[in-house]
Amino acid sequence: IRWIPAEGGRMAVEVALPPTTLRLMANWTPQQFQNVLAVYVGQTGAGLPPMLGKYRNEASALRFEPQFALEPGVTYRAVFLPGKLPGGSGNSVVTATFTPPLRDLTPTTVVTQIYPTADALPENLLKFYIHFSAPMRRGNIYENIHLLDAAGKAIELPFLEIDEELWNQEFTRLTLFIDPGRIKRGVKPLEEIGPSLEAGKSYKLVIDREWRDGNGAPLKASFEKAFRVAPADRQSPDQTQWQIQPPTAGARQALTINFPEPMEHALASRMIAVTKELGESVLGTVALENQERRWTFVPDAAWQRGRYNLIIQTTIEDLAGNNIGKPFEVDVFKNIQRHLASSTVKLTFEIR
Numbered sequence: 020i021r022w023i024p025a026e027g028g029r030m031a032v033e034v035a036l037p038p039t040t041l042r043l044m045a046n047w048t049p050q051q052f053q054n055v056l057a058v059y060v061g062q063t064g065a066g067l068p069p070m071l072g073k074y075r076n077e078a079s080a081l082r083f084e085p086q087f088a089l090e091p092g093v094t095y096r097a098v099f100l101p102g103k104l105p106g107g108s109g110n111s112v113v114t115a116t117f118t119p120p121l122r123d124l125t126p127t128t129v130v131t132q133i134y135p136t137a138d139a140l141p142e143n144l145l146k147f148y149i150h151f152s153a154p155m156r157r158g159n160i161y162e163n164i165h166l167l168d169a170a171g172k173a174i175e176l177p178f179l180e181i182d183e184e185l186w187n188q189e190f191t192r193l194t195l196f197i198d199p200g201r202i203k204r205g206v207k208p209l210e211e212i213g214p215s216l217e218a219g220k221s222y223k224l225v226i227d228r229e230w231r232d233g234n235g236a237p238l239k240a241s242f243e244k245a246f247r248v249a250p251a252d253r254q255s256p257d258q259t260q261w262q263i264q265p266p267t268a269g270a271r272q273a274l275t276i277n278f279p280e281p282m283e284h285a286l287a288s289r290m291i292a293v294t295k296e297l298g299e300s301v302l303g304t305v306a307l308e309n310q311e312r313r314w315t316f317v318p319d320a321a322w323q324r325g326r327y328n329l330i331i332q333t334t335i336e337d338l339a340g341n342n343i344g345k346p347f348e349v350d351v352f353k354n355i356q357r358h359l360a361s362s363t364v365k366l367t368f369e370i371r
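Residue 42 in the numbering used here sits at position 23 of the sequence shown, and the numbers go up by one each step.
Pasting the structure below:
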């Protein structure tokens with residue numbers, strides 16, 4: 020009986036058995052397997068049920084893989100009863116213990132960036148993105164994020180606190196929404212408590228050092244983003260005001276768009292596509308610069324002469340959540356309809 024590495028960094032238990040014995044166990048139920056081989060938490064396993072997991076017959080061994088990853092520093096005990104095998108007898112017990120090593124809790128993870136990066140943000144800012152250098156631990160995130168005013172006083176409940184935390188698949192980017200009830204005019208939270216952000220004032224978004232990463236270690240350092248608040252932005256982005264700077268043919272120079280205002284980083288990074296005149300996609304790398312006021316695109320291959328299109332999804336947003344053709348906040352007393360029926364708009368430019 021031995022503990023061995025399994026897929027995904029996990030551990031499994033194997034018991035070497037003759038192929039003839041394994042063939043007799045081919046149609047066993049999980050309970051029958053568990054009567055022969057069981058794994059418990061703790062050196063004795065007293066009073067605890069066996070761990071859940073999957074059993075399967077290998078070429079020359081019975082294998083058990085726990086359903087959940089083993090916890091570092093906790094001892095596990097595998098118990099094998101040979102007498103329960105087909106044709107077996109006796110009460111002998113074979114055991115093998117395993118204790119996963121403790122994780123290295125030396126702090127290494129840092130906050131790499133908070134978006135938007137602009138120093139002045141609208142009073143009706145919709146969200147922040149917090150980027151980390153390594154995967155983070157889920158749960159209790161709001162205990163480690165604080166919005167402070169210029170005097171260092173915490174703003175009461177500024178964020179939309181939801182159970183389903185909004186992480187990317189790698190757990191390296193968190194989307195943090197300002198409570199919409201404290202943004203939209205005419206709703207009770209805004210009237211009773213007031214806005215989370217007020218124009219003309221300064222704030223800090225503070226990330227605590229005590230926030231734990233995926234290994235359980237605290238952040239290497241706390242992080243602060245200081246900013247001042249500008250008046251609310253309730254106008255839709257107007258793509259006709261974007262300034263396109265085409266590169267020259269024959270090189271891989273960057274195509275540049277200068278926006279009149281900062282755009283929402285994550286959406287602007289993926290909602291603008293470049294195509295040739297007849298619709299063929301142009302592949303390349305997108306970046307946002309100058310506090311999200313400048314979009315750049317470097318093609319994988321050199322530009323060719325001709326006409327090109329920028330295909331822009333109308334769900335692209337500015338910092339206040341306004342879409343092309345549709346402001347985030349619509350006056351409920353007016354019959355305002357979306358100005359654009361299409362899900363995309365197009366801008367044309369030429370490479371010479």
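Where a beta carbon is used, it is the ideal one built from N, C-alpha and C, also for glycine.
In terms of Cβ geometry, I291 and L329 form a close pair [threshold 8 Å].
Distance from I331 to L366 at the Cβ level is roughly 7 Å; contact confirmed, criterion being Cβ atoms closer than 8 Å. Taking every protein chain shown into account, the CB of T131 has fewer than 16 other CB atoms within 10 angstroms, so this residue is exposed. Of the residues assessed, K146 falls on the buried side of the cut-off, its CB having 16 or more other CB atoms within 10 angstroms. Relative to the Cα of P141, the nearest Cα in the group A339, E229, P105 belongs to A339. Here the C-alpha atom of P85 lies approximately 20 Å from the C-alpha atom of R122. Take S111, set aside five residues on each side of it, and the residues of its chain with a beta-carbon closer than 6 Å to its own are P101, in chain order. Taken atom to atom, the span from the alpha-carbon of A273 to that of E184 is near 36 Å. Distance between V317 and E280, taken at the CA atoms: about 22 Å. Scanning its chain for C-beta atoms nearer than 6 Å, with the 5 sequence neighbours on each side dropped, one finds around R29 the residues A88, in chain order. In the three-state reduction of the DSSP assignment, V248 falls in the strand class. For F278, no alpha helix (DSSP H) run applies, since DSSP gives it neither H nor E. Using a C-beta cut-off of 8 Å, the region 218-228 makes contact with the region 240-247, since at least three inter-stretch Cβ pairs fall below that distance.
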